[in-house]
Amino acid sequence: MIVDLDDRKELGRAGERIAAIGIGTWGIRDKESARKALRRAIELGLNQIDTAEMYSTEGLVGEVVREFGRDEVFVTTKLLPKHFKSEDSVIKAARESLRRLGLDKADLILIHWPNEGVSIKEQIRYLERVAEVGICRHIGVSNFDVRELEEAISSTRRFEIVVNQVKYSPIDRRVEKDLLPFCIEHGITIQAYTPLEGGNVTKSKILRDLAVKYGKTPVQIALNYLISHERVTAIPKTERVERVEEFRGALGWRLEVEDLLAIH
Numbered sequence: 002m003i004v005d006l007d008d009r010k011e012l013g014r015a016g017e018r019i020a021a022i023g024i025g026t027w028g029i030r031d032k033e034s035a036r037k038a039l040r041r042a043i044e045l046g047l048n049q050i051d052t053a054e055m056y057s058t059e060g061l062v063g064e065v066v067r068e069f070g071r072d073e074v075f076v077t078t079k080l081l082p083k084h085f086k087s088e089d090s091v092i093k094a095a096r097e098s099l100r101r102l103g104l105d106k107a108d109l110i111l112i113h114w115p116n117e118g119v120s121i122k123e124q125i126r127y128l129e130r131v132a133e134v135g136i137c138r139h140i141g142v143s144n145f146d147v148r149e150l151e152e153a154i155s156s157t158r159r160f161e162i163v164v165n166q167v168k169y170s171p172i173d174r175r176v177e178k179d180l181l182p183f184c185i186e187h188g189i190t191i192q193a194y195t196p197l198e199g200g201n202v203t204k205s206k207i208l209r210d211l212a213v214k215y216g217k218t219p220v221q222i223a224l225n226y227l228i229s230h231e232r233v234t235a236i237p238k239t240e241r242v243e244r245v246e247e248f249r250g251a252l253g254w255r256l257e258v259e260d261l262l263a264i265h
C-alpha cells in the first residue's frame, strides 16, 4: 500500500491542491454554531467547504467565505439531477446557487447524483457549459459508480472531471474495491462524505484500539485512515468548534501501514 503523506491533495489533474480535510454542511440545525465552526475550520486550514442546492446551506457558506476572502476557501456545491434535462435548466440552477452563495464563481460544481432519464454524455455536456460560461472553475460528479464515471470522463470536451464525491469511511470501504483504484488511475480526487458514519466510528474496536496506540481519538484515526489513501479527501460535517479542532488533529501524521491494513 502506498501511503499519501500530503495534507494537501491534488485536485484531479488541474495542477491545484486542496485541503485533505474539509467540512461538509448537510443536515445543519444550528446555523450560528455552524458559522463559528466553519470560521474555525478556515482558520485552521480545513478550507475545503462542501454544500449543495438541497442542503439549504449555500447562503451560510457564502457568508463565511466572504468574511475570509474568496481566495481563502475552496467551495464545492452540487446541483440536483432534475436540472440536467436541458442546458438552460442547468445554467439557471447553477446561477441560482451562485446567487445564494453570494459569490461570483464557485470553485467546483458537481452533479449530485446521475439523472437516470438523461444520458451521462448529455449531463456532462450541460455541466461543461456551466464552466464555459464562468459559473465555476472546475466540474465533477457525485455518487457515480465506475461505469458512470468512465462514461463521464469520455464525454468531456473542454473540462476534466476532477472529483467524484462518494460515501466512504473506515466502516464502509466499498469504494476501495473498484472505484478508488479507478480514480487513482485516472487522476480523479475522491471527496469522502459521511466519513465518520454519523459518529459510529467511535464504536469500532479497531479504531478505539488504534486511538489508544497513537494517543488520538477514534475520529482522528478514521479521518487519517482515509487521507492516507491516494487521491482521497474527507469532508466530515460538524456544527461544533471543538470537533473542528479534533479534525485538525488528524493532519500532520499518518498511521503505519500495518495499522492501515488492520482496518481492512
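The numbering of the sequence shown is the numbering used here, which starts it at 2 and goes up by one.
Backbone N, C-alpha and C fix where the C-beta goes; we use that ideal spot for every residue, glycine too.
What are the residues that DSSP puts in a beta bridge with residue i?
i	result
Cys137	Ala107
Leu80	Ile112
Ser205	None; Ser205 has no bridge partner.
Asp51	Gly25 and Thr77
Thr190	Val164
Ile19	Lys10
Grab me the residues of residue i's own chain with a C-beta within less than 8 Å of its C-beta, minus the 5 sequence neighbours each way, in chain order.
i	result
Met55	Lys79, Leu81 and His113
Leu224	Ile22, Pro196, Leu197, Ala235, Pro237, Phe248 and Ala251
Val91	Leu80, His84, Phe85, Tyr127, Leu128, Arg130 and Val131
Glu11	Glu17, Arg18, Gly188, Thr190 and Arg232
Met2	Val258, Leu261 and Leu262
Compare the beta carbon distance of residue i and residue j with 8 Å and say whether it is the shorter of the two.
i	j	result
Leu150	Ala193	no
Arg239	Pro219	Rather than Arg, the amino acid found at residue 239 in this sequence is Thr. No.
Tyr215	Ile222	yes
Asp5	Glu231	yes
Gly103	Gly63	yes
Asn48	Ala20	yes
Ile109	Val164	The question names Ile, but residue 109 in the sequence shown is Leu. For Leu109 and Val164, yes; Cβs fall inside 8 Å.
Ile136	Lys93	no
Ser211	Gln166	A quick correction: the sequence has Leu, not Ser, at residue 211. No, the Cβ-Cβ distance between Leu211 and Gln166 is not below 8 Å.
Arg241	Ala95	no
Ile162	Gly13	yes
Arg36	Glu246	no
Arg159	Glu133	yes
Gly253	Asp7	no
Does DSSP put residue i in a helix, a strand or coil?
i	result
Phe183	helix
Ile236	coil
Ile172	coil
Ser143	strand
Arg159	coil
Ile3	coil
Glu11	strand
Pro196	coil
Phe69	helix
Phe248	helix
Counting only C-beta atoms, is residue i closer than 8 Å to chain B at any point?
i	result
Arg148	No chain B is present in this structure, which holds just one protein chain.
So, at 7 Å on beta carbons, what are the nonlocal neighbours of residue i in its own chain, with the 5 sequence-adjacent residues on each side left out?
i	result
Ser229	Val4, Asp5, Arg255, Leu256 and Leu261
Val74	Ile43, Asn48, Ile50 and Val66
Glu172	At residue 172 the sequence reads Ile, which differs from the Glu that was named. Glu198, Asn201, Val202 and Ser205.
Glu88	Tyr127 and Arg130
Ala153	Ile121, Ile125, Val142, Phe145 and Ile162
Lys217	Gly250
Taking 7 Å as the cut-off, does the CB of residue i come closer than this to any heavy atom belonging to the ligand SAH?
i	result
Leu6	No copy of the ligand SAH appears in this structure; indeed no ligand is present at all.
Could you pull out every residue in the same chain whose Cβ sits closer than 6 Å to the Cβ of residue i, ignoring the five residues on either side in sequence?
i	result
Thr52	Thr26, Thr58, Glu59, Val62 and Thr78
Arg244	none
Phe183	Val147
Leu180	Val147
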